[in-house]
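Asker: Numbering (our numbering), first residue to last: 1281 to 1361.
Ideal placement from N, C-alpha and C gives every residue a C-beta, glycine not left out.
Quick caveat: nothing in here was measured; it's all calculated off a predicted structure.
Submitted below is the structure of interest, expressed as structure tokens.
Now the structure itself:
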């Protein structure tokens, strides 16, 4: 796994393009200026993926992918203010 700060060339350009698109959509949907929007990596606790002892869980069994699909198709950015 390559961390984003180790990316170079085309992969870095793709990541930056994606980040810029997320920021553009956030500005549009939330009606906030860029200075008031923070873009950070997604953490497991952001979407309720924690183990019983509250340590972050970054892996999900293939049968759990329906949860992710429901998350990304149900909640627009403004639901997370």
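So, helix, strand or coil for residue 1295, using DSSP?
Answerer: Along the chain shown, read from residue 1 onward, the residue named residue 1295 stands at position 15. Helix at residue 1295.
Asker: Looking only at its own chain, which residues have a Cβ that is under 7 Å from the Cβ of residue 1319, when we skip the five neighbours before and after it?
Answerer: In the chain shown, residue 1319 corresponds to position 39, counting from 1. Within the same chain, residue 1319 has close Cβ partners 1299, 1302 and 1303.
Asker: Skipping 5 residues on each side, what residues in its chain have a beta carbon closer than 8 Å to that of residue 1307?
Answerer: Position 27 of the chain shown, counted from the first residue, corresponds to residue 1307. Here the set comprises 1313, 1314 and 1317.
Asker: What's the call for residue 1295, buried or exposed, on a 16-neighbour Cβ count within 10 Å?
Answerer: Residue 1295 sits at position 15 when you count from the first residue of the chain shown. Classification for residue 1295: exposed.
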